[in-house]
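Participant: A single structure is presented below for examination.
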């Protein structure tokens, strides 16, 4: 009965959205008013983030039965939104009730799909792990059409969308899925791993980034496991929790390097940990971001113990660090084919590179992949190693992004470079396929 009453209230009070280009000189202002519901802040932030908008400031208020939020946003070039089509799309989408309360989605955003099979993986991070996973999938006749890989605190998580090599659609045969699971779990199972590797298969479409946060949280990547942090403390996020006794809130403050999707990462973690943001302020200054939230647990209570305080602190630090751009950014663009990702990651592994994060996509027959890499010890990659890899793969196929060490203009390729580049473009790469046995 209560649920029907809430639906009636929402129908009587649909969301109201204002997109204003005149209120601020440097950003477009988006104001959202709606009936309050747990998770609504994340829904709005997720929608704006999925449009690749940069949220420079935000003011949040959801105390009571009403949600009110103001965002200042720009495009990736730091400009206001000028395309009226995009502005209308934002307004119309956010004013649609299903945007906030989608009836078909579960808490992790799964919808039925026949186009591909979604494989979720968690395990111990190590150099060459992605290469081994891709080799198994290729040998089993699976084509990777999209994937995202995160690593943090010696753990790895990935969401991989695969299709059947023959049919180009989702893989539904239970026996084949069982075989895929068994072989991938063997690869994921590291030596002396205190936690087991996991793999699940979903015939659906998941909001990948939220799912990766959930997977790494469930895998407890925020725990130190007795190891001391040795990285530069000045580069790490600073998270602090305080009591607000007057209003019975817990105040959370966060200061870190600014980057795209930072707000999504922290709000996603608080929401999935079952905390409600009642008030908040988000601001970016030059390269630094500051966030302040007044929160309570979904049961209405503030953070009440030192153990809970420590857990919230560690989980928010992990949420900020998971997507940090660790390593050298490499971008690959070439004709897509079955086994391409397996061949590329094998070359990385054989040259001693460790993939810290990866975004894999295919569009219009083209593979567009981004890798963040270090050497096997986690240190910066030497320039000569990258040049050697580019010669093997093809310097016009693989390029270094935003790094002054490497020239943006490709040098004339050597005969060896041309040979390897041609091989990568070819439909068949049998002579270079990784052959290994699985037990």
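Numbering (this note's numbering), first residue to last: 4 to 442. Every residue gets a Cβ at the ideal spot worked out from N, C-alpha and C, and that includes glycine.
Which residue's Cα is closest to the Cα of residue 223: 154, 262 and 242?
Facilitator: Numbered from 1 along the chain shown, position 220 holds the residue referred to as residue 223. Residue 154 is the option with its Cα nearest to residue 223.
Participant: Suppose the cutoff is 7 Å on Cβ atoms and the five residues either side in sequence are ignored; what does the same chain contact list for residue 263 look like?
Facilitator: Here residue 263 corresponds to residue number 260 of the chain shown, with the count starting at 1. Around residue 263: 57.
Participant: Which value, in whole angstroms, describes the spacing of the CA atoms of residue 149 and residue 133?
Facilitator: Stepping through the chain shown from its first residue, residue 149 is reached at position 146. Stepping through the chain shown from its first residue, residue 133 is reached at position 130. The alpha-carbon atoms of residue 149 and residue 133 are separated by roughly 13 Å.
Participant: Confirm, please, whether the CB-CB distance from residue 119 to residue 79 is below 8 Å.
Facilitator: By one-based count along the chain shown, residue 79 stands at place 76. By one-based count along the chain shown, residue 119 stands at place 116. No, these two residues do not count as a Cβ contact at 8 Å.
Participant: Determine whether the beta carbon atoms of residue 258 and residue 291 lie at a separation below 8 Å.
Facilitator: Position 255 of the chain shown holds residue 258. Position 288 of the chain shown holds residue 291. Closer than 8 Å, so yes.
Participant: Let me know the secondary structure DSSP gives residue 146 once reduced to three states.
Facilitator: In the chain shown, residue 146 corresponds to position 143, counting from 1. Residue 146: strand per DSSP, three-state reduction.
Participant: Tell whether a beta-carbon distance below 8 Å holds between residue 160 and residue 71.
Facilitator: Taking the first residue of the chain shown as 1, we reach residue 160 at position 157. Taking the first residue of the chain shown as 1, we reach residue 71 at position 68. No; because the gap between Cβ atoms is not below 8 Å, this pair is not in contact.
Participant: Could you tell me which residues DSSP pairs with residue 374 in its beta bridges?
Facilitator: As a working note, residue 374 is residue 371 in the chain shown. DSSP output for residue 374 lists 333 and 361 as bridge partner(s).
Participant: What does DSSP give as the partner residue(s) for residue 401 in the beta ladder?
Facilitator: Translated into the one-based positions of the chain shown, residue 401 becomes position 398. Per DSSP, 335.
Participant: So the candidates are 289, 136, 314 and 279; which of them puts its Cα closest to the Cα of residue 300?
Facilitator: Within the chain shown, numbered from 1, the residue matching residue 300 stands at position 297. Of the candidates 289, 136, 314 and 279, 279 places its Cα closest to the Cα of residue 300.
Participant: Quickly, what does DSSP pair residue 162 with across the bridge? List them, please.
Facilitator: Residue 162 sits at position 159 when you count from the first residue of the chain shown. Under DSSP, residue 162 forms a beta bridge with 123 and 151.
Participant: Counting beta carbon pairs with one atom in the region 328–336 and one in the region 302–309, are three or more of them shorter than 8 Å?
Facilitator: no
Participant: With residue 283 as the anchor, note down where its beta strand (DSSP E) starts and where it stops.
Facilitator: Within the chain shown, the letter at position 280 stands for residue 283. Per DSSP, residue 283 belongs to the beta strand (DSSP E) from 278–288.
Participant: Once DSSP output is grouped into helix, strand and coil, what is the label at residue 266?
Facilitator: The residue given as residue 266 occupies position 263 in the chain shown. Helix at residue 266.
Participant: By DSSP, does residue 23 sit in helix, in strand, or in coil?
Facilitator: As a first step, residue 23 is located in the chain shown; it is residue number 20 there, counting from the start. If DSSP states are grouped into helix, strand and coil, residue 23 belongs with the strands.
Participant: Alpha helix (DSSP H) containing residue 178: first to last residue?
Facilitator: Here residue 178 is taken as the residue at index 175 of the chain shown, counted from 1. 177–191 is the span of the alpha helix (DSSP H), which, as asked, contains residue 178.
Participant: Counting only the same chain and skipping the five closest in sequence on each side, list residues whose C-beta sits under 8 Å from that of residue 270.
Facilitator: Residue numbering aside, residue 270 sits at position 267 when the chain shown is read from its first letter. Answer for residue 270: 44, 45, 48 and 280, listed in chain order.
Participant: Secondary structure at residue 223, three-state DSSP: helix, strand or coil?
Facilitator: For the purposes of this step, residue 223 is taken as the residue at position 220 of the chain shown. Coil, per DSSP.
Participant: Using the Cα positions of residue 323 and residue 216, report the straight-line distance between them to the nearest angstrom.
Facilitator: Translated into the one-based positions of the chain shown, residue 323 becomes position 320. Translated into the one-based positions of the chain shown, residue 216 becomes position 213. Cα to Cα, the separation comes out at about 10 Å.
Participant: Among 168, 50 and 18, which residue has its Cα nearest to the Cα of residue 339?
Facilitator: Translated into the one-based positions of the chain shown, residue 339 becomes position 336. Nearest of 168, 50 and 18 to residue 339, Cα basis: 168.
Participant: Please state whether DSSP places residue 275 in a helix, a strand or coil.
Facilitator: Locating residue 275 in the chain shown gives position 272, where the first residue counts as 1. Residue state for residue 275 is assigned as helix, using DSSP reduced to three classes.
Participant: How close, in whole Å, do the beta carbons of residue 32 and residue 18 come, if the pair is a contact with beta carbons under 8 Å?
Facilitator: Taking the first residue of the chain shown as position 1, residue 32 is located at position 29. Taking the first residue of the chain shown as position 1, residue 18 is located at position 15. Contact between residue 32 and residue 18 fails: their C-beta atoms lie close to 16 Å from each other, not under 8 Å.
Participant: Measuring straight from C-alpha to C-alpha, what distance separates residue 241 and residue 289?
Facilitator: By 1-based counting over the chain shown, the position of residue 241 is 238. By 1-based counting over the chain shown, the position of residue 289 is 286. Residue 241 and residue 289 have their C-alpha atoms spaced approximately 17 Å apart.
Participant: Report the CB separation of residue 186 from residue 139 in whole angstroms; it is logged as a contact under 8 Å.
Facilitator: The residue given as residue 186 occupies position 183 in the chain shown. The residue given as residue 139 occupies position 136 in the chain shown. The pair is a contact, with the Cβ atoms about 5 Å apart (cut-off 8 Å).
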